[in-house]
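A.B. asks:
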Amino acid sequence: MTTTTTTTTTTTTTTTIITNVRLLADEGLTGPVSVRIDDDTITSITPELPDGGNARIVDGAGATLLPGLIDAHVHISSRRDLDALAHNGVTTGMDMASWPAATTAALRGQTGTASLISAGVPFIGPTGPHSRFGMPSYAIATDPADVAEGVARRIADGSDFIKIVTDAPGRGGADPKIVRAVVAEAHATGVIVVAHASHIDAFTMSLNAGADIITHVPTEDPITAAIAVGMADQGRLAIPTLSVSKILAAAMPRPGANYDNARDSVIALRKADVTVLAGTDSVAGTDASFTIPLGVALHHELELLVDAGYTPVEALRAATTGPARAFGLTDRGAVTPGLRADLLLIDGDPTIYITATQKISGVWTAGTRIR
Ligand SMILES: [Zn+2]
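The sequence shown begins at 617 in my numbering and counts up one residue at a time.
Set out below in structure tokens:
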């Protein structure tokens, strides 16, 4: 007896067309256009309705279509965390420290949710607050001779960039020799270095040691105009995380530290034309005394940037094209044909009132509508 098996392969393209929708322009919004999505990619933007066949039509009248937002400082440890980002229109999360490496690896490349781009296990100093977070022992770096192996291990585990925690002198963070060694090794490997620095001394030390991006801003002594101008001259970037500064200042007040210093730091950065990326430091299940909710917090960060003098368009760039460029994510960050269909549909015009980003009427991740 002979059995014949015939396999028929049919590939069906899923097409969605969002009509009458306005996009972000250099200033304000474009006129109404139709945006076509085929499978996971934006394929056309046209003034009139394209021929869509069996396309799903979404009426975008009165709405703005933004690229999915990018939170440049989150901590992700579960699919639920990614879903919380995506639900709020944050389609990419830059994870600034997570462990164990196997959990992080499993969360990369998941479909129907936010994309995870991660530093994995950071480099930290031998003592200080971060040494009590339960990271694997190889997070601690004390000898520059061990750094090459440490960077190689992280890259092998999938780290997309390197994160290092620096602290004020005497607080146990990584010392300048370690920071310099990490920067040299990461750059030789072709990845960038983000340094955590929440004290002015740690901030300047990280800059002097060559870190590409500094995250957090001081809440004690603000960044001076001279530091900001130096950063701009050298093309260094900042992820200020005003959200966490504001929340911590209220929840855990410390003498000499206040939110105004963080805000003044951001004002100095903007004045010097330093590229600032919107990040929140949000994490699930923190101390019960405060919470920085994943996804929701980025909309708050945009408000805080506007409060610090950013125009709404500048704030939106800090959560879209800015982080996409800074981290080399060439497939996202704008509503442009050929890019991933990571999209956020909101009611109203966020270039007038930034709070419009919170009126979400649709979210797509890689062309899949998830809200
Ligand atoms: Zn963080």
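We treat Cβ as the ideally placed atom computed from N, Cα and C, and that holds for glycine. Since we're looking at a predicted model, the values are computed, not measured.
So, with DSSP's three-state summary, where would you put Ser775?
C.D. replies: Your numbering for residue 775 matches position 159 in the sequence shown. Here Ser775 sits in coil by DSSP.
A.B. asks: Which term fits Ala677, buried or exposed, when burial requires 16 or more other beta carbons within 10 angstroms of its beta carbon?
C.D. replies: Translated into positions along the sequence shown, residue 677 becomes position 61. Ala677 is exposed by the Cβ-count criterion.
A.B. asks: For Thr707, which three-state DSSP category applies?
C.D. replies: Within the sequence shown, the letter at position 91 stands for residue 707. Of the three classes helix, strand and coil, the one that applies to Thr707 here is strand, per DSSP.
A.B. asks: Could you give the C-beta distance for Gly789 and Gly744, rounded to a whole number, given that I count them as a contact under 8 Å?
C.D. replies: The residue labelled residue 789 in the question sits at position 173 within the sequence shown. The residue labelled residue 744 in the question sits at position 128 within the sequence shown. With 8 Å as the limit, Gly789 and Gly744 qualify as a contact, their Cβ atoms being about 5 Å apart.
A.B. asks: What would DSSP say about Thr891, mapped onto helix, strand or coil?
C.D. replies: As a first step, residue 891 must be located in the sequence shown, where it is residue number 275. Coil.
A.B. asks: Using a threshold of 8 Å, state whether the C-beta atoms of Ala811 and Ser822 are closer than that.
C.D. replies: For this step, residue 811 is matched to residue 195 along the sequence shown. For this step, residue 822 is matched to residue 206 along the sequence shown. At the C-beta level, Ala811 and Ser822 come within 8 Å of one another.
A.B. asks: Mind checking which residues open and close the beta strand (DSSP E) that includes Pro683?
C.D. replies: Here the question's residue 683 lines up with position 67 in the sequence shown. Here the beta strand (DSSP E) through Pro683 covers Ala679 to Pro683.
A.B. asks: Enumerate in chain order the residues of its own chain whose CB-to-CB distance from Gly1002 is below 6 Å, with the five nearest sequence positions on each side excluded.
C.D. replies: Since the first and last residues shown for the chain are 617 and 987, residue 1002 lies out of range.
A.B. asks: Apart from the five residues on each side of it in sequence, which residues of its chain come closer than 7 Å, Cβ to Cβ, to Pro953?
C.D. replies: The residue given as residue 953 occupies position 337 in the sequence shown. Excluding positions up to five away in sequence, the list reads Ile658, Thr659, Ser660 and Ile661.
A.B. asks: Buried or exposed, going by whether 16 or more other CB atoms sit within 10 Å of the CB of Gly944?
C.D. replies: Walking along the sequence shown from the start, residue 944 turns up at place 328. When all chains shown are included, Gly944 counts as exposed.
A.B. asks: Run the CB neighbour count on Lys779, radius 10 Å, all protein chains shown included, and call it buried at 16 or more, exposed below.
C.D. replies: In the sequence shown, counting from the first residue as 1, residue 779 sits at position 163. Per the 10 Å Cβ criterion, buried.
A.B. asks: Counting contacts by CB-CB distance shorter than 8 Å, is His703 in contact with chain C?
C.D. replies: Protein chain content of the structure displayed is limited to a single chain, and chain C is not contained in it.
A.B. asks: Quick one: what does DSSP say His832 is sitting in, helix, strand or coil?
C.D. replies: Taking the sequence shown and counting its residues from 1, one reaches residue 832 at position 216. Note: His832 maps to coil in three-state DSSP.
A.B. asks: Can you tell me whether Thr981 is buried or exposed, with buried defined as 16 or more other CB within 10 angstroms of its CB?
C.D. replies: Position 365 of the sequence shown holds residue 981. Buried is the label assigned to Thr981, since at least 16 other Cβ atoms lie within 10 Å of its Cβ.
A.B. asks: Are the region 662-676 and the region 716-734 touching by the rule of at least three beta carbon pairs closer than 8 Å?
C.D. replies: Contact between the region 662-676 and the region 716-734 is absent, with fewer than three C-beta pairs closer than 8 Å.
A.B. asks: Measure the C-alpha to C-alpha separation of Val807 and Phe777 and round it to an integer number of angstroms.
C.D. replies: Against the sequence shown, residue 807 aligns to sequence position 191. Against the sequence shown, residue 777 aligns to sequence position 161. Between the alpha carbons of Val807 and Phe777 lies a gap of roughly 5 Å.
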